[in-house]
Amino acid sequence: MTVVRGVGQFYPVGSPLHALDPRAKVVATALLVVGLFFVDSAAGFAVAGAATALLVVVSRVPLRAFLGLLRPVAFIVALTFFFQVFFLREGPTLFRWGFVEVHEGGLEMGLLLAARLLILVTTAGLLTATTAPVALADGIEDLLSPLKRLRFPAHEVAMMMTIALRFIPTLGEEAQKISRAQAARGADFTSGGLLARARALVPILVPLTIGAFRRADELAEAMESRGYRGGQGRVRYRELRFRRRDALALVLTVLVVLAAVLL
Amino acid sequence: MKIELRDVRHVYSPGTPFAVEALGGVSLTVEPGEVLGVIGGTGSGKSTLVQHLNLLLLPTSGQVLVDGADALSMDRTALRRRVGLVFQSPEQGLFAPTVEEDVAFAPRRLGLDEDEVRERVRETLGLLDAGHLAGRSPFALSGGERRRVAIAGVLAMGPEVLVLDEPTASLDPTARGDLIGLVVRLNASGVTVVFVSHDLDEVAEVADRVCVLEGGAVRAIGTPADVFYAGTSPAPATVRVAAAVGERLPGLGRPVRYGETLAALRGVMGGTG
Chain B
650 MTVVRGVGQF
660 YPVGSPLHAL
670 DPRAKVVATA
680 LLVVGLFFVD
690 SAAGFAVAGA
700 ATALLVVVSR
710 VPLRAFLGLL
720 RPVAFIVALT
730 FFFQVFFLRE
740 GPTLFRWGFV
750 EVHEGGLEMG
760 LLLAARLLIL
770 VTTAGLLTAT
780 TAPVALADGI
790 EDLLSPLKRL
800 RFPAHEVAMM
810 MTIALRFIPT
820 LGEEAQKISR
830 AQAARGADFT
840 SGGLLARARA
850 LVPILVPLTI
860 GAFRRADELA
870 EAMESRGYRG
880 GQGRVRYREL
890 RFRRRDALAL
900 VLTVLVVLAA
910 VLL
Chain Y
1375 MKIELRDVRH
1385 VYSPGTPFAV
1395 EALGGVSLTV
1405 EPGEVLGVIG
1415 GTGSGKSTLV
1425 QHLNLLLLPT
1435 SGQVLVDGAD
1445 ALSMDRTALR
1455 RRVGLVFQSP
1465 EQGLFAPTVE
1475 EDVAFAPRRL
1485 GLDEDEVRER
1495 VRETLGLLDA
1505 GHLAGRSPFA
1515 LSGGERRRVA
1525 IAGVLAMGPE
1535 VLVLDEPTAS
1545 LDPTARGDLI
1555 GLVVRLNASG
1565 VTVVFVSHDL
1575 DEVAEVADRV
1585 CVLEGGAVRA
1595 IGTPADVFYA
1605 GTSPAPATVR
1615 VAAAVGERLP
1625 GLGRPVRYGE
1635 TLAALRGVMG
1645 GTG
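Taken in sequence, the protein lines are chains B and Y. When you line the first sequence up against the working numbering, it's residues 650 to 912, in that order. When you line the second sequence up against the working numbering, it's residues 1375 to 1647, in that order.
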C-alpha cells in the first residue's frame, strides 16, 4: 500500500550513520543544533556546512529527501534573509535605490541567518532519516531516564512518542483511503474558495477522527491483553549498545562544533 | 459502458526504496451489462485494479479505455459518476449526522435540485431495504445496516457500472445473502457490476465471468465453469463436489451455482434424492 511520506521520513538504506546508537545521534544532533547558535563567523559556518554536507553524503539518503524537507522552510529562510538585508543598516552602504538601502552588515547577517536555518533543518532531517522511529524513541527514553528520579515520566513520554510516530503513516494511509472513497462519491477537495475547501474536508475529518478513537481503544485493549502495565521492570527486544564508534562520533561532533564556534 | 484495461501496470511509490509493483501488465475488459467477478488472494492486486476502473489511481503504464476512448483524457469527476466504486469497508467513510444526509452527499455533488436529491435518496435507500433508517445516525446502526447505507451513498449517483470491493467482508450470513440479492437485482435493472471478493462461493453465485488475479497478473479469465473446472485455481464448494461426484457419474455436467449444482446432482441420482 501507499505509505505517506511525510517530512522527516526514515530512509532504511544501510549507512554508517544508520548503524550508530540512536542515543549518540540524538546527543550529537543536540550538540550541533545548540552549537550553531554560537557560530557567528563565515569560517565557522563553512566548517558546520561542510560537516553537514559530508554527513548527508555518508548517510546515503537521497538528496531529494532533503530538498523535500527544505521546501517548507525555504519561505522562512527567504523572509529572514530579506528582512536582514533591507532593514539592518550597519557598515558601509553597498547599494542604494530610492529608499532601499543595502548595507554590508545586513547582507552578512542575512547570509549567516539563512545558513544557520538551512544547516539546522538538514541536521534534524539527518537524525530522522537515519534513525528508525522506534529506535529514536528508545534512545530518547534512555536519555531521559535519569529524570525518572525527579518523577519525570520518561517511559510514558517515550511510549507516547513511539505510538504517535507509529500511527502517523497509519493515519496518513487511512486519510488517503477515506479521501479516495469520498472522491468516488464526487467529493472535490481542490476547487472553490477557502471556505468551500474547508467544508470539503468534513467528509474526511469526521471518519478519520472516529477511526482514530477506535484505533486508540483497540490498541489499549491489545496492550492490556498482553500484560502491559507501564515501564516498571519492562525489558526491550532490541537492547541499545553504545560502542566505540558511537563514542568516536560524539568526539568528532564536539570537535567540529568547537571548531565552528571558535572560528 | 465498456471499460477496457490494456497492459496496465501500477507501481506504488515509484523511484523510492519503498517501490512495490502491485499490477504487472493487466489486460481485462468489463463488458456492458455483465457481472464480472474478480477473485484473488490478499496482495494479488484486486483493490489496486478496481481503483483503475474510475481512475482514482492512474496506471504507471498502459491504457484505460472507456467505450473505446482513452479515459485519461476524460473528465475525472464525470467518469467517477458513471463508475461507482464502493471501497472495502465503505462504512468507514460515513460522516453525516443522519443516514439521509450521508446518502444525499453524492447526488448533491452532482448539482441536482433538492427535490430530486430527496427522491434519489428515498429510491436508493428503498432499493437497499434501508428506507426506515433514513432519519437515524449512521454511527448508531448495526454493521450490516451501515454497509448498506454506505453502498447507497455510491448508488445514489446512479452509476452505469458499480464496482464492489469485498462488499460482504465481515458481514453475517443474512446480510451477505441480502447483498448478493441486491447485486442480482441491480444487474437485472441494467447496471454492470464488478464484484471483487476472495469468497469463491459468493462469486460463483453472481458472476457471468470470472477473473482470477495472482501476484498482480491475470491468471485466468472466462465463464465460471471454464475457470473453476480447469483445476488450476481454487474452486467453490459446489464445483468441488460436482467435480468429485462427476468422476464416478458422468453426465453431471459443469454446474457452478448452488441451484444448478443441486438440480444436476438430483438429476444423476435419478430422482431418488
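Glycine residues also receive a C-beta, built at the ideal position from the N, C-alpha and C atoms.
Next on the checklist: Helix, strand or coil, according to DSSP, for Y/V1568 in the structure here?
Outcome noted: Looking up residue 1568 of chain Y in the second sequence gives position 194. Looking at Y/V1568 - three-state DSSP - the assignment turns out to be strand.
Next on the checklist: According to DSSP, is Y/F1479 part of a helix, a strand, or is it coil?
Outcome noted: The count along the second sequence starts at 1 and reaches residue 1479 of chain Y at position 105. It is helical.
Next on the checklist: Within 8 Å of any Cβ in chain B, is that where the Cβ of Y/A1504 sits?
Outcome noted: Here residue 1504 of chain Y is taken as the residue at index 130 of the second sequence, counted from 1. Not closer than 8 Å to any Cβ of chain B, the Cβ of Y/A1504 fails to qualify, so no.
Checklist entry - Considering only residues of the stretch 669-739 of chain B, which uninterrupted alpha helix (DSSP H) runs meet the minimum length of 4 residues and lie entirely inside it, listed in chain order? => result 671-685, 691-708 and 712-736
Item to check | Whole-angstrom C-beta distance between Y/Y1603 and Y/V1592, which should lie under 8 Å | outcome: Taking the second sequence and counting its residues from 1, the one referred to as residue 1592 of chain Y is at position 218. Taking the second sequence and counting its residues from 1, the one referred to as residue 1603 of chain Y is at position 229. Incorrect: roughly 18 Å between the Cβ atoms, too far for contact.
Checklist entry - Given that a residue counts as buried once 16 or more other Cβ atoms are within 10 Å of its Cβ, and exposed if not, what is B/D913? => result Shown here, chain B extends from 650 to 912; a query on residue 913 of chain B therefore has no answer.
Item to check | Host beta strand (DSSP E) of Y/Y1386 (start-end) | outcome: Counting from 1 along the second sequence, the entry for residue 1386 of chain Y is found at position 12. First-last of the beta strand (DSSP E) with Y/Y1386: I1377 to Y1386.
Item to check | Proximal residues of chain B, C-beta to C-beta of Y/M1531 below 8 Å | outcome: Numbered from its first residue, the second sequence carries residue 1531 of chain Y at position 157. Chain B residues near Y/M1531: R834 and G835.
Checklist entry - Between Y/H1384 and chain B, is there a C-beta pair that is closer than 8 Å? => result Numbered from 1 along the second sequence, position 10 holds the residue referred to as residue 1384 of chain Y. Not one chain B Cβ lies under 8 Å of Y/H1384.
Item to check | Contact list for Y/Q1466 against chain B, beta-carbon separation under 7 Å | outcome: The residue you call residue 1466 of chain Y lines up with position 92 of the second sequence. Result: I827, P856 and G860.
Next on the checklist: My output table needs one value for Y/E1405: the three-state DSSP class, helix, strand or coil.
Outcome noted: Sequence index remark: in the second sequence, residue 1405 of chain Y carries index 31 (1-based). Coil at Y/E1405, not helix or strand.
Next on the checklist: With H, G and I counted as helix, E and B as strand and the rest as coil, what does DSSP make of B/Q831?
Outcome noted: The residue you call residue 831 of chain B lines up with position 182 of the first sequence. Reduced to three states, the DSSP call for B/Q831 is helix.
Next on the checklist: So for Y/D1600, helix, strand or coil by DSSP?
Outcome noted: Numbered from its first residue, the second sequence carries residue 1600 of chain Y at position 226. Looking at Y/D1600 - three-state DSSP - the assignment turns out to be helix.
Checklist entry - Where do the ends of the beta strand (DSSP E) carrying Y/L1439 lie? => result As a position in the second sequence, residue 1439 of chain Y is number 65, starting the count at 1. Counting along the chain, the beta strand (DSSP E) containing Y/L1439 begins and ends at S1435 to V1440.
Checklist entry - How would you label B/Y886, buried or exposed, when you count the other beta carbons within 10 angstroms and need 16 or more for buried? => result Taking the first residue of the first sequence as position 1, residue 886 of chain B is located at position 237. It is exposed - the Cβ of B/Y886 has fewer than 16 other Cβ atoms within 10 Å.
Item to check | Presumed contact (8 Å Cβ cut-off) between Y/T1566 and Y/V1535, rounded CB distance | outcome: Start at 1 with the first residue of the second sequence, and residue 1566 of chain Y comes out as number 192. Start at 1 with the first residue of the second sequence, and residue 1535 of chain Y comes out as number 161. Sure, about 4 Å apart at Cβ, within 8 Å.
Checklist entry - By Cβ distance, which residues of its chain are closer than 6 Å to B/L907, with the 5 residues on each side in sequence left out? => result As a working mapping, residue 907 of chain B is identified with position 258 in the first sequence. Around B/L907: no qualifying Cβ.
Checklist entry - Does the pairing of the stretch 1576-1590 of chain Y with the stretch 1411-1422 of chain Y give three or more beta-carbon distances under 8 Å? => result yes
Checklist entry - In the structure shown, what three-state DSSP assignment does B/R745 receive? => result Within the first sequence, residue 745 of chain B is the residue found at index 96, counting from 1. In the structure shown, B/R745 sits in a strand (DSSP, three-state: E or B).
Item to check | Same chain, Cβ closer than 6 Å to Y/A1452, neighbours up to 5 away in sequence not counted | outcome: On the second sequence, residue 1452 of chain Y is found 78 positions in, with the first residue counted as 1. Same-chain partners within the cutoff: there are none.
Checklist entry - Could you give the residue range of the beta strand (DSSP E) that holds Y/L1430? => result Sequence index remark: in the second sequence, residue 1430 of chain Y carries index 56 (1-based). No beta strand (DSSP E) contains Y/L1430, which DSSP labels as neither H nor E.
Item to check | Runs of alpha helix (DSSP H) wholly within the stretch 742-784 of chain B (minimum 4 residues, chain order) | outcome: 753-779
Checklist entry - Under 8 Å, do Y/L1429 and Y/R1450 count as touching if we go by C-beta distance? => result Taking the first residue of the second sequence as 1, we reach residue 1429 of chain Y at position 55. Taking the first residue of the second sequence as 1, we reach residue 1450 of chain Y at position 76. Their beta carbons are under 8 Å apart, which means Y/L1429 touches Y/R1450 by this criterion.
Checklist entry - Would you say Y/P1594 and Y/T1606 are within 8 Å of each other, going by their C-beta atoms? => result Counting from one through the second sequence, the residue named residue 1594 of chain Y turns up at place 220. Counting from one through the second sequence, the residue named residue 1606 of chain Y turns up at place 232. The sequence given here has Ala at residue 1594 of chain Y, not Pro. Against a cut-off of 8 Å, the Cβ pair of Y/T1606 and Y/A1594 comes out as a contact.
Item to check | Selection of the stretch 1380-1408 of chain Y by Cβ proximity to chain B, strictly under 9 Å | outcome: Y1386, S1387, G1389, T1390, P1391, F1392, V1394 and A1396
Next on the checklist: Counting only Cβ-Cβ distances shorter than 8 Å, please list the residues of the stretch 1528-1558 of chain Y near chain B, keeping chain order.
Outcome noted: V1528 and M1531
Next on the checklist: Considering Cα atoms alone, identify which of Y/L1502, Y/A1530 and Y/V1537 is closest to Y/R1520.
Outcome noted: For the purposes of this step, residue 1520 of chain Y is taken as the residue at position 146 of the second sequence. Among Y/L1502, Y/A1530 and Y/V1537, the Cα nearest to that of Y/R1520 is on Y/L1502.
Checklist entry - Is any beta-carbon of chain B found at less than 8 Å from that of Y/F1479? => result Position 105 of the second sequence, counted from the start, is the residue given in the question as residue 1479 of chain Y. It does: the Cβ of Y/F1479 has a partner Cβ on chain B nearer than 8 Å.
Next on the checklist: Three Cβ pairs or more, each shorter than 8 Å: is that satisfied between the stretch 793-806 of chain B and the stretch 867-877 of chain B?
Outcome noted: no
Checklist entry - Is DSSP giving Y/V1424 helix, strand or coil here? => result Numbered from its first residue, the second sequence carries residue 1424 of chain Y at position 50. Three-state DSSP puts Y/V1424 in a helix.
Next on the checklist: Is B/A784 close to chain Y? Criterion is C-beta to C-beta, closer than 8 Å.
Outcome noted: Counting from one through the first sequence, the residue named residue 784 of chain B turns up at place 135. No, B/A784 lies away from the interface with chain Y (no Cβ there is under 8 Å from its Cβ).
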